[in-house]
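In the working numbering, the protein residues as written are 306 to 644. What follows is a single structure, written as structure tokens, with notes after it.
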Ligand code: 8YV
């Protein structure tokens, strides 16, 4: 087709689908790894038909409204989460918002387990102990109480948010470690799913009281913001571990620091933070019972390449005048109907 829609792409993306994207669209790619300043994004929004965005790009109502006065009709997000986008405002302005679900489910579940295992078995402390020469110099060598952790086999796994990722994490816990799964979610899962995953739907407080591992897999919404605060952390077992690979602001970070310092819980594995990047002097970086990662849940070569293909597929459907496969605001379809 002759018409190549104009798109602004806020970062170069990995994999062969990116080459295809450059062929199919009149694309301008922001050349730096640092996200474009808001003013640049705003200016581009006025000029293009579509934007390819990341979580660090603020797609607010001002930008969407300005864009809609021009030709902006799609925001294709390179992520499953889209809390950086004012979706309701996009809908009002007849703009499609799409994401990249499904392709990153296993990668995120695997990273979740990496954090659970690393926290439970104190892998970061262990690595530092060996590397620093402290083991060599200790004078004790191996001893029966060196770096004792928590066993997972047969323990209780609490999953908050039982969508694709939450269920994948549950499956590994149930099948791999014989864990009993408790979950809390907006909606109850079908009975077959519960049966297959050895999972029981419980109120949030019950989950917090009874779980040995609590893992968060909700999107960030007004309902989930600060869902886990001081009250919730105090309900958890002192031996329990909290893991977050979803969004930092689901947890009240100050309350979490207090919980870890004062021993209300035993440890935490964190891939996401209220403030990203996490400043190096943040209290979380001073705690030995915490394992930290720089938001790498979906960061496998395979997944990141598939995410690029998902972005492309959404844009290609838009180009053909079809409804994109991963539309997050289906209400917009009505709005866009001519006449
Ligand atoms: C992305 C993520 O890497 O998909 C998500 O919601 O958080 C990650 O997969 C990140 O959001 C970059 O856009």
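Think of the CB as a built atom: it goes at the ideal place given N, C-alpha and C, for glycine as much as any other residue. Note that the structure is a prediction, hence the values are computed from the model and not measured.
(request) Would you please state the rounded distance, in angstroms, between the beta carbons of residue 464 and residue 520? I believe it to be under 8 Å. (result) About 6 Å separates the two Cβ atoms, so the contact holds.
(message) If the criterion is Cβ atoms closer than 8 Å, does the pair residue 460 and residue 518 meet it?
(response) Yes, the Cβ-Cβ distance between residue 460 and residue 518 is below 8 Å.
(message) Can you check whether the C-beta of residue 615 is within less than 8 Å of a C-beta belonging to chain D?
(response) The displayed structure is made up of one protein chain only, and chain D is not part of it.
(request) Say yes only if the C-beta of residue 437 is nearer than 7 Å to one or more non-hydrogen atoms of ligand 1, and no if none qualify. (result) Judged by the Cβ position, residue 437 fails to qualify as a neighbour of ligand 1 at the 7 Å threshold, every heavy atom of the ligand being at least this far.
(request) Could you check which residue in 570, 567 and 590 has the C-alpha nearest to that of residue 578? (result) Among 570, 567 and 590, the Cα nearest to that of residue 578 is on 590.
(message) Quick test of your reading: residue 467 and residue 494, contact by CB under 8 Å. State the CB separation rounded to the nearest angstrom.
(response) Correct: roughly 6 Å between the Cβ atoms.
(request) Thinking residue 334 and residue 308 are a contact (beta carbons under 8 Å), I'd like their distance in whole angstroms, please. (result) Residue 334 to residue 308, Cβ: 20 Å. No contact.
(message) Taking 7 Å as the cut-off, is the beta-carbon of residue 408 closer than that to any non-hydrogen atom of ligand 1?
(response) Relative to ligand 1, the beta carbon of residue 408 is positioned no closer than 7 Å to any heavy atom.
(request) Going by DSSP, name the residue or residues bridged to residue 465. (result) In the DSSP assignment, residue 465 is bridged to 489 and 521.
(message) Going by DSSP, what residue range makes up the alpha helix (DSSP H) through residue 623?
(response) Element bounds for residue 623: 606 to 624.
(message) For a test of the three-state rule: what should DSSP assign to residue 313, helix, strand or coil?
(response) Residue 313 falls in the strand class under three-state DSSP.
(request) Taking only the alpha-carbon atoms, compute the straight-line gap between residue 426 and residue 329 and give it to the nearest angstrom. (result) Approximately 48 Å, taken between the alpha carbons.
(request) Go through its chain and collect everything with a Cβ distance to residue 513's Cβ below 6 Å, but skip five positions before and after it. (result) So the list reads 537, 540 and 541, once near-sequence residues are dropped.
(request) Please name the residue, chosen from 434, 362 and 388, that lies closest to residue 528 on a Cα-to-Cα basis. (result) Ranking 434, 362 and 388 by CA distance to the CA of residue 528 puts 388 first.
(message) Please state the DSSP three-state secondary structure of residue 506.
(response) In this structure, residue 506 counts as strand in the three-state DSSP scheme.
(request) Go ahead and pull the three-state DSSP assignment for residue 387. (result) Coil at residue 387, not helix or strand.
(message) I need the straight-line Cα distance from residue 418 to residue 575, nearest angstrom please.
(response) Going by the C-alpha atoms only, they are around 11 Å apart.
(message) To the nearest angstrom, how far is the alpha carbon of residue 393 from that of residue 511?
(response) Here the alpha carbons of residue 511 and residue 393 stand approximately 33 Å from one another.
(message) Need the endpoints of the beta strand (DSSP E) that residue 498 sits in, please.
(response) Residue 498 -> not in any beta strand (DSSP E); alpha helix (DSSP H) instead, spanning 496 to 501.
(message) Assuming residue 559 is part of the alpha helix (DSSP H), what are its boundary residues?
(response) Its alpha helix (DSSP H) spans residues 558 to 567.
(message) Just to confirm my understanding: we take residue 568, look at its own chain, exclude 5 residues before and 5 after, and list those with CB closer than 8 Å. What are they?
(response) Correct list, in chain order: 543.
(message) What does the alpha-carbon distance come out to for the pair residue 593 and residue 475?
(response) Rounded to whole angstroms, residue 593 and residue 475 show a C-alpha spacing of 27 Å.
(request) Pull up the distance between the alpha-carbon of residue 550 and that of residue 504, whole angstroms please. (result) Taking the straight line joining both Cα atoms gives about 20 Å.
(request) Note down the Cα distance separating residue 595 from residue 320, rounded to an integer number of angstroms. (result) Rounded to the nearest angstrom, the two C-alpha atoms are 33 Å apart.
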